[in-house]
Amino acid sequence: MNAESDAITVGDPMPVVAALEHLGGHTVRITWAEGARAEITEDVVDLWPIVDRYRIYAPLTDESHFASGRLVEDGNVLHWDAGPAPIEMAAIMVEHMAQLASPQ
Numbered sequence: 001m002n003a004e005s006d007a008i009t010v011g012d013p014m015p016v017v018a019a020l021e022h023l024g025g026h027t028v029r030i031t032w033a034e035g036a037r038a039e040i041t042e043d044v045v046d047l048w049p050i051v052d053r054y055r056i057y058a059p060l061t062d063e064s065h066f067a068s069g070r071l072v073e074d075g076n077v078l079h080w081d082a083g084p085a086p087i088e089m090a091a092i093m094v095e096h097m098a099q100l101a102s103p104q
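Here it is as structure tokens:
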């Protein structure tokens with residue numbers, strides 16, 4: 001920290017999604033604004049492993065619900081109005097799946 005800055009930067013910035021496009025099934029095209037993959041700009045990511053594994057995402061097994069996803073929180077969160085309550089997935093989870101599928 002110095003007199004000109006009151007923030008300490010450590011590691012990559014948190015991921016921010018600039019655009020989300022549903023490609024069919026549980027696959028999305030992500031355009032990155034910030035984060036470790038921002039230099040790649042765009043990733044195609046299959047989110048089925050997350051949807052299938054965690055019960056909170058069970059309503060998203062229905063592809064019509066999954067396709068209704070949108071960005072909120074300035075691109076920090078993917079959001080669905082599906083099931084009994086809204087469902088959200090942090091951009092960092094999507095970034096992790098992208099890194100597993102296609103390491104830099």
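Just so we're aligned, residue 1 is where the sequence shown starts under UniProt numbering, counting upward by one.
Glycine residues also receive a C-beta, built at the ideal position from the N, C-alpha and C atoms.
Predicted model, so just to flag it, every value in this text is computed and none were measured.
Same chain, Cβ closer than 6 Å to M89, five either side skipped, listed in chain order: For the purposes of this step, residue 89 is identified with residue 89 of the sequence shown, where counting begins at 1. Only L78 meet the Cβ criterion.
Should G69 go down as buried or exposed, given a rule of 16 or more other Cβ atoms within 10 Å for buried? The residue given as residue 69 occupies position 69 in the sequence shown. Buried, since its Cβ has 16 or more Cβ neighbours within 10 Å.
In chain order, what residues of the same chain have a beta carbon less than 7 Å from the beta carbon of D12, not counting five sequence neighbours either side? By one-based count along the sequence shown, residue 12 stands at place 12. Around D12: G35 and A36.
Secondary structure, alpha helix (DSSP H): runs of 4+ residues fully inside the segment 3 to 56: 48 to 53
What does the alpha-carbon distance come out to for the pair S102 and G83? Here residue 102 is taken as the residue at index 102 of the sequence shown, counted from 1. Here residue 83 is taken as the residue at index 83 of the sequence shown, counted from 1. So the two alpha carbons sit approximately 31 Å from each other.
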